[in-house]
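K.L.:
Taking the working numbering, the leading residue of the sequence shown gets 12, the next gets one more, and so forth.
Even for Gly, the Cβ is constructed at its ideal location relative to N, Cα and C.
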Amino acid sequence: MHLTCPLWVRRIPKIYRNNDPFYLRNLYLQFSFLFRGRSSRCFRLAEQRVIKAFQHMNAMRAVRKDRFKQLCDERIDAACAQHGIPGKMLIDGLGRMNIQLNRKMLQQLAIYEPYSFKSLTDLVKQYHSELGIVPPNAEPPAPVVTRGLLQSPIVPGNRKYYE
C-alpha cells in the first residue's frame, strides 16, 4: 500500500512526536499550504484547520463509498428497465448462475457494451423462466444472443458483399 500524506499523518512516527517540535510543526504547515489566509502560515491556526480537515476526510470516506454504490445501482436499474427486468433480479440471477460480475463491471457493461448487457439480461430471463419465475413486464428472451449485432456490415469497406 502506498503511504500517502494523510495516511502518514494519521500515524505520525515517534521521531516526530518526541524529539524536535520543528518537524511536526513543519508537517502541519506542509498540509495547510493550500488553505487561505493566516491558517496557511500560522502554526496554531494551521494545526486546527488540518485536524478538522482530516476529521472531515475520515467522515466522508464511508459516505463517498455509499454514494458510488447508489450511483452504480441507479445505472444498473435504468439499464435493466430498458430490457424489462428489475435490477435486483439481474444481480440475483447472475449470482445464482455463478457469473461473477460486480456492480461496477455491470455498470460499465450497461454504459459501454449494451449488446453484451442485453445478452446478460436474456440469460437471466431464461434462467428465471426455467425456474418458473416470471419477471414483471417481461418479454420472452430472444432465441439468439447475438441478434442485432449482424445487421450492419462487419467490415465497412465490404458493404457490397452484405447487400
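#1: Count the CB pairs spanning the region 87-103 and the region 61-78 that are closer than 8 Å, and state whether there are at least three.
#2: Under a three-way DSSP split, which group does proline 125 fall into?
#3: Is leucine 82 close to the ligand PLP? I mean its beta-carbon at under 8 Å from any heavy atom of the ligand.
#4: Under 9 Å, do arginine 107 and tyrosine 138 count as touching if we go by C-beta distance?
#5: In chain order, what residues of the same chain lie with their CB nearer than 8 Å to the CB of lysine 80, ignoring the 5 residues before and after it?
#6: Which one of Gly48, Ile96, Asp77 has the shortest CA to CA distance from valine 135?
#7: If you compare alpha carbons, which of Arg55, Ala90, Val145 is closest to glutamate 124?
#8: Between glutamine 119 and serine 130, what straight-line distance do the alpha-carbon atoms span, to the nearest angstrom?
#9: With distances taken from CA atoms, which of Arg52, Phe128, Phe46, Arg36 is nearest alanine 92?
#10: Which first and last residues belong to the alpha helix (DSSP H) in which glutamine 111 is found?
#11: In whole angstroms, give me the CA-to-CA distance for tyrosine 39 and aspartate 84.
#12: Which residues bound the alpha helix (DSSP H) around leucine 35?
P.N.:
According to the structure data:
#1: no
#2: Here residue 125 corresponds to residue number 114 of the sequence shown, with the count starting at 1. Here proline 125 sits in helix by DSSP.
#3: Looking for the ligand PLP in the displayed structure turns up nothing, as the structure carries no ligands at all.
#4: Along the sequence shown, one-based indexing puts residue 107 at 96. Along the sequence shown, one-based indexing puts residue 138 at 127. Against a cut-off of 9 Å, the Cβ pair of tyrosine 138 and arginine 107 comes out as a contact.
#5: Locating residue 80 in the sequence shown gives position 69, counting from the first residue. Only Arg114 meet the Cβ criterion.
#6: In the sequence shown, the residue the question calls residue 135 occupies position 124. It is Ile96 whose Cα lies nearest to the Cα of valine 135.
#7: As a working note, residue 124 is residue 113 in the sequence shown. The shortest Cα separation from glutamate 124 among Arg55, Ala90, Val145 belongs to Ala90.
#8: Here residue 119 corresponds to residue number 108 of the sequence shown, with the count starting at 1. Here residue 130 corresponds to residue number 119 of the sequence shown, with the count starting at 1. Those two C-alpha atoms are separated by around 14 Å.
#9: As a position in the sequence shown, residue 92 is number 81, starting the count at 1. Considering only alpha carbons, the answer is Phe128.
#10: In the sequence shown, counting from the first residue as 1, residue 111 sits at position 100. First-last for glutamine 111: undefined, no H or E at that position.
#11: Here residue 39 corresponds to residue number 28 of the sequence shown, with the count starting at 1. Here residue 84 corresponds to residue number 73 of the sequence shown, with the count starting at 1. Computed Cα separation, rounded: 39 Å.
#12: The residue labelled residue 35 in the question sits at position 24 within the sequence shown. Element bounds for leucine 35: 32-42.
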